[in-house]
Amino acid sequence: MFDWAYKKRLKDDLENWIAKGWVSSSGAAAILKDQDQDDGRSRLPMALAGIGVICVALAVLAFIAANWDAIPKLVKLIGIALLIVASHALAAVAATRGRSGIADLATGFATLVFIGGMALVGQIFHLPSDWAGGAFLVCLGGLAGAWLTGSRTALTVAAGAAITWQVMRADIGAPDLAASLIGLVLTLAVFLHPVFHPSRLTRWAAIALLWVTYGRWFGETADILSGGDDVVVAMLLAGAGGLSVVMLQLDAVADLYVKWSSDLPARGHGHWLMARSLQDVGMLVLSILVVLSLVLVPEIADDLSGDGLLALPGLLPLAAALLLTAVGLLLSFQTAKARVLFAATGLALVSVLMPVVTTNVLLLAAVSLAALIGLCALGTWYNNRFWMLCAYLALTAEALWLLQVTIGSLLGQSLFFLVAGLVLLAMALWLARLFRRRQAPATPVVDTGEVRS
């Protein structure tokens, strides 16, 4: 969430909390004063230092390149190695003194020198260029620095290198089992790091790598499938839709498991933050897919084949999403808020898969609109403004498309908006009554002082 949105929401929440007596006026003033002081200036030195570290690393590499012929090969290699060792030693000393920011910058500098050093070593020994192999080695070096020191900078470099390796390692074709397993291990190593060392940048980098790794697997499988676009598009809807629903529901199922479990397993702060980022990305992708399944899919393939649902890149995410939906609805029978999440995301998944079942535009539009209204209600109920933004933008895009394509006459447009408005008003009244019943205080029991036998 953006800082300005967080501060706006915080002010609104504090106003409600003061009215309910949960927070005193002086406490709310102190909180707002602290937030006004924390306007980003405290992070400015680290941001400037990060840019400075990159500049220094580039200066070192440029100096070596400028004096290429004057510096012996052995001196180049020893100098690069010493720079890396000295940077890690500085990071270790800073970490022991509690200067985590300096330690992270030093580790990042060592990682950048390692990347530049690999390129220089290739030039020293006239090695043939291999961008994919170089990216793989950079990823290994970044992962080593990230896990040994907890460096977020090194992990970001490792994630970028892993993405580069996945894209460039070979042309899309017959799947290479060994390379696929290595990519899965790299993705897992990158993905777990933000859980233990939380950082917003590394979380989004890890999630981006997850989608790239899945996309690589999808592309290799699609290349060997027969059936053309009808099979591939169906597999795409099942795989991408299933994966986005899994991202949205996994944290909710974990919360319900914690609620119903007898041993009350602990969930750390890093787990919670990673789950929130997964949910945000899942909502973004799912909202886009709901619109594309109605607007774009009929233009690409007229009659989607159900065989695409049986291919592993489509079947595994779809099966996981259906399983989580069923388990979530079962565990949330006493939790209305969680039931809404599983119902809304399940309906959205049905909407994404509808083109595989039917090509009737009116039926597709009805289910798609219902799914987007459900996602809008979900974002509103959870008070998540990013979810609301994704769902409302998708609903707006779909409504404009329907206005232009599906409904031709002005009379048809008026009828469409009349029915839609009445349905929404009915839903609003029903939800208002439901909330009033839940918030109504229980009737107090008057103690008459009589002794019951």
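In the numbering used here, the protein residues as written are 181 to 633.
A virtual CB, placed ideally from N, CA and C, is assigned to each residue, including glycine.
Between the CA atoms of residue j and residue i - distance to the nearest angstrom
i	j	result
E195	L405	58 Å
M298	W311	11 Å
G395	A199	50 Å
P374	L542	44 Å
N540	L317	51 Å
C319	D193	43 Å
K517	L496	27 Å
L307	K256	With a pLDDT of only 49 at L307, under 50, the local geometry of the prediction cannot be trusted, and no value is derived from it.
L569	R380	20 Å
A481	T401	19 Å
A209	R565	24 Å
L368	G281	25 Å
I211	W202	14 Å
L602	V547	17 Å
A579	L490	32 Å
L285	N247	27 Å
M197	A283	Residue identity differs from the one stated: residue 197 is Trp in this sequence, not Met. Their backbone Cα atoms lie some 40 Å apart in a straight line.
A334	V365	17 Å
G314	Q459	33 Å
K191	S204	14 Å
N563	G408	42 Å
L149	T560	One cannot answer for residue 149 here, as it falls past the ends of the chain, which runs 181 to 633.
D431	S457	10 Å
R613	A388	42 Å
A577	E479	17 Å
I553	L469	14 Å
R519	P378	29 Å
G486	Q346	29 Å
Residue i burial status per 10 Å Cβ neighbour count (16 or more: buried)
i	result
D403	exposed
P252	exposed
C556	buried
Q514	exposed
L361	exposed
L609	exposed
S473	buried
V438	exposed
A250	exposed
D356	exposed
I260	buried
L466	buried
V236	exposed
V461	buried
A269	exposed
A271	buried
7 Å Cβ cutoff met for residue i and residue j
i	j	result
T344	T287	no
V411	G488	yes
A501	V425	yes
T393	G363	yes
A606	L582	no
L558	A528	no
Q584	L504	no
G421	F398	no
M454	R383	yes
A634	S267	No answer is possible for residue 634: it lies beyond the span of the chain, which begins at 181 and ends at 633.
I258	F294	no
L484	V536	yes
L154	S331	What the structure shows of the chain is the stretch from 181 to 633, and residue 154 is not part of that stretch, so it cannot be assessed.
CB-CB length for residue i against residue j, believed under 8 Å
i	j	result
L326	A338	Here residue 326 turns out to be Ala, not Leu, going by the sequence shown. 6 Å between Cβ atoms; contact.
F371	A386	5 Å
R349	A359	6 Å
V507	V433	6 Å
A571	V471	About 11 Å; that fails the 8 Å criterion.
L533	F522	Not confirmed; about 16 Å, so no contact.
W391	M463	About 14 Å separates the two Cβ atoms, so there is no contact after all.
L292	I234	7 Å
G321	L241	Actually they do not touch by this definition, with Cβ atoms about 16 Å apart.
> Taking three-plus beta-carbon pairs below 8 Å as touching, is the region 412-420 in contact with the region 450-460?
Replying inline: no
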